[in-house]
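Here's the structure, in structure tokens; my notes come after.
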Amino acid sequence: MAQVGIVMGSDSDMPVMAKAADILEQLGISYEIAIISAHREPDVFYEYANGAEAKGFKVIIAGAGMAAHLPGMCAAIFPMPVIGVPMHTSSLGGRDSLYSIVQMPSGIPVATVAINGGANAGLLAAKILATSDPELLQRLKEYSASLKESVQKKDARLQEVGYKEY
Numbered sequence: 003m004a005q006v007g008i009v010m011g012s013d014s015d016m017p018v019m020a021k022a023a024d025i026l027e028q029l030g031i032s033y034e035i036a037i038i039s040a041h042r043e044p045d046v047f048y049e050y051a052n053g054a055e056a057k058g059f060k061v062i063i064a065g066a067g068m069a070a071h072l073p074g075m076c077a078a079i080f081p082m083p084v085i086g087v088p089m090h091t092s093s094l095g096g097r098d099s100l101y102s103i104v105q106m107p108s109g110i111p112v113a114t115v116a117i118n119g120g121a122n123a124g125l126l127a128a129k130i131l132a133t134s135d136p137e138l139l140q141r142l143k144e145y146s147a148s149l150k151e152s153v154q155k156k157d158a159r160l161q162e163v164g165y166k167e168y
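To convert a position in the sequence shown, counted from 1, into my numbering, add 2.
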């Protein structure tokens, strides 16, 4: 049974949302991924959001661009955490998406990551799940340690070869 639902409004969102899936896979978290348009198929969207709890989802990661209603509508229906991923847009650079997702009315919160922040959405979902899963928490700590080690290796190389050769 999937713990996280990943949903996007268009296949053009896939490169960003795939980063969330990659993180979840790396951390051993089950997920289900779908393309559903809240505007073009509201009945299908409603069925998805309304049935997400029964499917076992604990978190939904919803990516959307432009008007970006998908995350907010998920939050209006799904009773557990929703993480919104605003997509970069050609017209307004993703600010339209960001504002649409982050400016939710009182009582309908959506956690929002950076524009095109699919990886951080996956990590935030993992951190939410880790509050009740000690093994996952340990995997997250190991992930953080690997990030630190990666930076330290880069600095060691910089110190060894200098910035001109880096």
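Every residue gets a Cβ at the ideal spot worked out from N, C-alpha and C, and that includes glycine.
Being a predicted model, the structure only gives us computed values, none of them experimental.
Here Val61 is near Pro83, since their CB atoms are less than 7 Å apart. Minimum Cα-Cα distance from Ile38 among the listed residues Ala51, Met89, Gly119 corresponds to Ala51.
Met16: member of the alpha helix (DSSP H) spanning 16-28, first to last residue. The alpha-carbon separation between Ala4 and Lys155 amounts to approximately 36 Å.
Here Tyr33 is buried, its C-beta having at least 16 other C-beta atoms within 10 Å. Nearest C-alpha to Arg42 among Ala54, Met89, Gly124, Ser12: Ser12. Glu34: member of the beta strand (DSSP E) spanning 33-37, first to last residue.
When beta bridges are read from the DSSP output, Gly86 appears opposite Ala64, Thr114.
Ile8 is bridged by DSSP to Ile35, Ile63. Distances from the alpha-carbon of Ser93 to those of Gln161, Val87, Gly67 put Gly67 closest. Fewer than three beta-carbon pairs drawn from the segment 20-31 and the segment 44-59 are found closer than 8 Å, and the two stretches are therefore not classed as touching. Between Val112 and Gly74, the C-beta spacing is below 7 Å. Per DSSP, Gly96 lies in no alpha helix (DSSP H) and is assigned neither H nor E.
Pro88 is positioned such that its CB atom lies closer than 7 Å to that of Leu100.
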